[in-house]
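Asks:
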Ligand SMILES: CC(C)(COP(=O)(O)OP(=O)(O)OC[C@H]1O[C@@H](n2cnc3c(N)ncnc32)[C@H](O)[C@@H]1OP(=O)(O)O)[C@@H](O)C(=O)NCCC(=O)NCCS
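Numbering (my numbering), first residue to last: -3 to 96.
#1: Quick one, are the C-beta atoms of residue 78 and residue 45 less than 7 Å apart?
#2: Relative to the alpha-carbon of residue 61, which residue among 82, 92 and 24 has its alpha-carbon at the smallest distance?
#3: For the candidate residues 37, 71 and 90, whose alpha-carbon lies nearest to that of residue 98?
#4: Report yes if the C-beta of residue 3 is less than 6 Å from at least one heavy atom of ligand 1; otherwise report no.
#5: Starting from residue 59 and walking both ways along the beta strand (DSSP E), at which residues does that stretch end?
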């Protein structure tokens, strides 16, 4: 998490990742709950946490809704893989498979 500019009332939550072999056991939800509790101790002035995730990411969506987060805005992005991107994506997938 990171704080925005100003009085600390707004905070930004970035990526949440659970190793592939440990997903579906409540760790993602527990991680975010612990993070929010920690933030409450570090920054009691914070009143709002902004986060974002892909619309098709049902797991993250479920966690955010369980934590009471509500959709504030929707963005749209397009990408067209080119050769270097495809090679990079394959290497990342191989890395995740070997480490996850
Ligand atoms: C998103 C992510 C962090 C969730 O972590 P997790 O530990 O698997 O999540 P939880 O076990 O806490 O599950 C929370 C909810 O997600 C859904 N969910 C989790 N695993 C699921 C599965 N295998 N199938 C269907 N739904 C699932 C459920 O709704 C679950 O709630 P429930 O326990 O009431 O059924 C994990 O899937 C991940 O690391 N994904 C890759 C990285 C990513 O996409 N991060 C999000 C963008 S920042």
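Backbone N, C-alpha and C fix where the C-beta goes; we use that ideal spot for every residue, glycine too.
Quick caveat: nothing in here was measured; it's all calculated off a predicted structure.
Replies: Reading it off the structure:
#1: Here the question's residue 78 lines up with position 82 in the chain shown. Here the question's residue 45 lines up with position 49 in the chain shown. No; because the gap between Cβ atoms is not below 7 Å, this pair is not in contact.
#2: In the chain shown, counting from the first residue as 1, residue 61 sits at position 65. The option with the nearest alpha carbon to residue 61 is 24.
#3: Outside the shown range of the chain (-3 to 96) lies residue 98, about which nothing can therefore be said.
#4: The residue you call residue 3 lines up with position 7 of the chain shown. No, the Cβ of residue 3 stays beyond 6 Å of every heavy atom of ligand 1.
#5: Within the chain shown, the letter at position 63 stands for residue 59. Unbroken run through residue 59 is the alpha helix (DSSP H), 54 to 62; no beta strand (DSSP E).
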